[in-house]
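Going by our numbering, the first residue of the sequence shown is number 3, and it counts up by one from there. By construction, the Cβ of each residue, glycine as well, lies at the ideal position given by its N, Cα and C atoms. A short worksheet on the structure shown next.
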Amino acid sequence: MILDRASESRKDRRWLEQQWMRQQCRVFMLQYDKSLMRWGNRDAEPPQVVHIPGAEIASLNENLEQFVFLGLDDSGPLFALDVSAYHDDALETYVSDNEFVDLRDVGWLLDSQQAAQLAYARGLVFWNRNHRYCGICGSPTSSENGGHMRRCSNRSCARMHFPRTDPAVIMLVEDCSDPAKPRCLLARNSRFPSRMMSTLAGFVDPLESLEETVTREVFEECGIRVGEVEYQASQPWPFPSSIMLGFRAKAMTTEIAVDGVEIEEAYWFEAEQLQEFGEWGDDKGQFCLPRRDSIARYLVSSWVDEVLHR
Ligand SMILES: [Zn+2]
3 MILDRASESR KDRRWLEQQW MRQQCRVFML QYDKSLMRWG NRDAEPPQVV HIPGAEIASL
63 NENLEQFVFL GLDDSGPLFA LDVSAYHDDA LETYVSDNEF VDLRDVGWLL DSQQAAQLAY
123 ARGLVFWNRN HRYCGICGSP TSSENGGHMR RCSNRSCARM HFPRTDPAVI MLVEDCSDPA
183 KPRCLLARNS RFPSRMMSTL AGFVDPLESL EETVTREVFE ECGIRVGEVE YQASQPWPFP
243 SSIMLGFRAK AMTTEIAVDG VEIEEAYWFE AEQLQEFGEW GDDKGQFCLP RRDSIARYLV
303 SSWVDEVLHR
């Protein structure tokens, strides 16, 4: 079952308390941006997400305002607790067989629903930790609505602050100048592993439409002019608070000129060539594809499938 965020119910403090008191209540623990997990044999199995029963965590913190309410799944209510400011001794019981792991490193090994829940927890905990003071008057803020809103404690200000999401675009650029041999543009960002090729991406500037961002980023990074831009799919990206909006864009020019700063190399590839690429992390082939759980991979794979079955 997809997590029910119960966005109306969570505004009711009594309802939240009732969820907190339920026997099925579970808590994700996060320290800075890392989630508590159990990882036995690293080479043989993926890490297990640790759910701490609500009753077991009450001795650590009884203040419901410190918890973020995530929602309800098949097993019951789910909360998250940020323990970044806690002393190691206080956490000893919970950490003994477990460790704090960065979701960014292991998300692709997890079941997709679990990864999505942890990403959601990480995003909300990050926002709460970074908005403890009012951006208008500087007074402390306090959590409401299960950590989905913070209100300024200065009564003459009382500004309500809500979590924000920064939009970013990610796009597969397609060259159909020879309809018999369509090609797509993949590039290697300087931050990528050495052989990984992926789609282009970039943040939306203030007061820019998504289509304008796609057009601008493709030209800035690779010198290609694009025409038609079509939305494909999206993926929340809590590193720290983005959503990746996936597009396909039609190239109007084909001569590549990489910016040499963000993008180190970029090439046009036919679908058959992409089938020869290795998986992320293996040594097969000259190049490798983005991770299977990424929207970049979805954009590439769906394009390859479409071209091969045209
Ligand atoms: Zn204020």
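{"Item": "Pro2 versus Gly229: straight-line alpha-carbon distance, rounded", "Value": "Here the chain has residues from 3 to 312 only, and residue 2 is not among them."}
{"Item": "Three-pair Cβ contact test at 8 Å for the region 273-283 versus the region 157-177", "Value": "no"}
{"Item": "Any non-hydrogen atom of ligand 1 within 6 Å of Asn156 CB", "Value": "yes"}
{"Item": "Delimiting residues of the alpha helix (DSSP H) encompassing Phe221", "Value": "Leu212 to Cys224"}
{"Item": "Residue range of the unbroken beta strand (DSSP E) whose run includes Asn147", "Value": "It is not in any beta strand (DSSP E) - Asn147 carries neither H nor E in the DSSP assignment."}
{"Item": "The region 28-41 / the region 77-89 touching (three or more Cβ pairs under 8 Å)", "Value": "yes"}
{"Item": "C-beta neighbour in chain B for Ser303, strict 7 Å", "Value": "Absence of chain B from the displayed structure is noted, only one protein chain being present."}
{"Item": "The beta strand (DSSP E) enclosing Ala189, as first and last residue numbers", "Value": "Arg185 to Asn191"}
{"Item": "Inter-residue spacing [alpha-carbon to alpha-carbon] between Leu74 and Arg7", "Value": "6 Å"}
{"Item": "Exposure label - Arg12; buried when at least 16 CB within 10 Å", "Value": "buried"}
{"Item": "Assigned exposure category for Asn65 - 16 Cβ within 10 Å defines buried", "Value": "exposed"}
{"Item": "Backbone secondary structure at Trp282 - three-state DSSP", "Value": "coil"}
{"Item": "Distance cut-off 6 Å: Ile265 Cβ against heavy atoms of ligand 1", "Value": "no"}
{"Item": "Expected contact under 8 Å - CB spacing of Phe128 and Pro242 to nearest Å", "Value": "5 Å"}
{"Item": "Beta-carbon proximity check, Val220 vs Leu202, cutoff 7 Å", "Value": "yes"}
{"Item": "Distance, Gln116 Cα to Ser145 Cα", "Value": "25 Å"}
{"Item": "When Ala46, Asp35, Leu247 and Ser303 are compared against Tyr122, the one with the closest alpha-carbon", "Value": "Asp35"}
{"Item": "Cβ shell of Arg320 (< 7 Å), same chain only, five flanking positions each side left out", "Value": "Nothing in the structure corresponds to residue 320, since the chain is present only between 3 and 312."}
{"Item": "Local conformation of Arg293 per DSSP, three classes", "Value": "coil"}
{"Item": "Gly42 burial status per 10 Å Cβ neighbour count (16 or more: buried)", "Value": "exposed"}
{"Item": "Heavy atom of ligand 2 within 6 Å of Arg161 beta-carbon", "Value": "With respect to ligand 2, the structure offers nothing, as its ligand set consists of ligand 1."}
{"Item": "Proximity to Leu187 [Cα-Cα], best of Ile226, Pro208, Ser158 and Asp180", "Value": "Ile226"}
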